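Student: Handing you a structure now.
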Amino acid sequence: MARTVLAAPSLLSANFGNLAEEIRSIEAARADWIHVDVMDGHFAPNLSFGPKTVGDLRPVTGLPMDCHLMVENPQDFIKSFADAGADYFTFHVEAAVHSHRIIQSIKDAGMKPGICIVPGTPVHFLDEIAGELDLILVLLVNPGFGGQRMIVPCLEKLVTLSALRKEKGYHYLLSVDGGITTENAPEVIEKGADVLVAGSAFFQAADKAGAVKKLKGL
Ligand code: DX5
Ligand code: ZN
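In this note's numbering, each number is its position in the sequence shown, counted from 1, plus 182.
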């Protein structure tokens, strides 16, 4: 049976002066999630959105808010993003010594926990916590900006994580982020991705609905 693949356009590539309209274009294109890239200028060399953005956009859409926190001390933001209505709270394993405890705190706050790994981080860093996660986000670029080219060897992490999930009976979704295009989507899906995050490939597309179909492998 064919796997369901989800498309999650990233607001980092949207027009920040018109985010409500941009979200409506995501819904009109029948994408599945809203990917919200949160950056603090320390963990990632850029600044973007905060919990107030998520809170102000919450009434605009019923689509899941897939928040990707590229921040130091992610535990400091759990309550504010939960109060704002975030659905997924994905933090970086590189930014947290006590990732197991943070995952419990995210669940206690009513959100779905995710963990992201940057290109330089081996997959086995997740061995002890993979079973606690609803989402694992494999970053295919170095964090901070949209429009970068994918670091192709990182795709092998999807193969490893798919095998781990099958072997252990874990339930996490596998998401990929960074450099995803309608051209490389088939290979990314074939490697095991369940969710494809796309910033520039969505917002620069003339035919957004067509782009979503290709990102979902349809
Ligand atoms: C990079 C972000 C990605 C980025 C994706 O730090 O985490 O989500 O916005 O943008 P594209 O799809 O243009 O590479
Ligand atoms: Zn992201």
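All C-beta atoms, glycine included, are put in the ideal place defined by N, C-alpha and C.
The model shown is predicted, which means the values in this text are computed figures rather than measured ones.
In terms of residue numbering, what span does the beta strand (DSSP E) encompassing Gly296 cover?
Tutor: Run containing Gly296: 294 to 299, per the beta strand (DSSP E) assignment.
Student: Give a yes or no on contact between the region 370 to 377 and the region 349 to 358, applying the rule of three or more CB pairs nearer than 8 Å.
Tutor: The region 370 to 377 vs the region 349 to 358: in contact.
Student: What are the boundary residues of the alpha helix (DSSP H) that includes Pro241?
Tutor: Here Pro241 belongs to no alpha helix (DSSP H), and DSSP marks it neither H nor E.
Student: With a threshold of 8 Å on Cβ separation, who are the neighbours of Pro368 within its own chain once the five nearest residues in sequence on each side are excluded?
Tutor: Counting only Cβ-Cβ distances below 8 Å, and skipping sequence neighbours, we find Gly399.
Student: Taking any heavy atom of the ligand ZN as the mark, which residues have a C-beta closer than 5 Å to it, listed down the chain?
Tutor: This selection yields Asp219, His250, Asp359.
Student: By the DSSP assignment, the alpha helix (DSSP H) with Ala367 in it spans what residues?
Tutor: Unbroken alpha helix (DSSP H) run through Ala367: 367 to 372.
Student: How many Å lie between Phe273 and Gly392 at the Cα?
Tutor: Near 31 Å, if we compare the C-alpha coordinates of Gly392 and Phe273.
Student: For the ligand DX5, is there any heavy atom lying closer than 7 Å to the beta carbon of Phe327?
Tutor: Yes, the beta carbon of Phe327 sits closer than 7 Å to at least one heavy atom of the ligand DX5.
Student: Please name the residue or residues paired with Asp219 in a DSSP beta bridge.
Tutor: BP columns for Asp219 point to His250.
Student: For the ligand DX5, any of its heavy atoms closer than 7 Å to the Cβ of Ala381?
Tutor: First, the amino acid is wrong: residue 381 is Gly here, not Ala. Correct: Gly381 has its Cβ closer than 7 Å to the ligand DX5.
Student: Which same chain residues, not among the five before or five after Ser230, have their C-beta less than 7 Å away from its C-beta?
Tutor: These residues qualify, in order along the chain: Leu194, Asp219, Val220, Met221.
Student: Give a yes or no on whether the minimum CB-CB distance between Val305 and chain C is below 8 Å.
Tutor: Given the protein chain composition of this structure (a single chain), no chain C is represented.
Student: Apart from the five residues just before and just after Pro227, which ones in its own chain have a Cβ nearer than 6 Å to its Cβ?
Tutor: Around Pro227: Gly326.
Student: From Glu209 to Val275, what does the alpha carbon distance come to, in whole angstroms?
Tutor: Whole-angstrom Cα-Cα distance: 31 Å.
Student: By how many angstroms is the C-alpha of Ser287 removed from the C-alpha of Gly403?
Tutor: What is shown of the chain runs 183 to 400, which leaves residue 403 out entirely.
Student: Can you tell me which of the three DSSP states Val377 falls into?
Tutor: Looking at Val377 - three-state DSSP - the assignment turns out to be strand.
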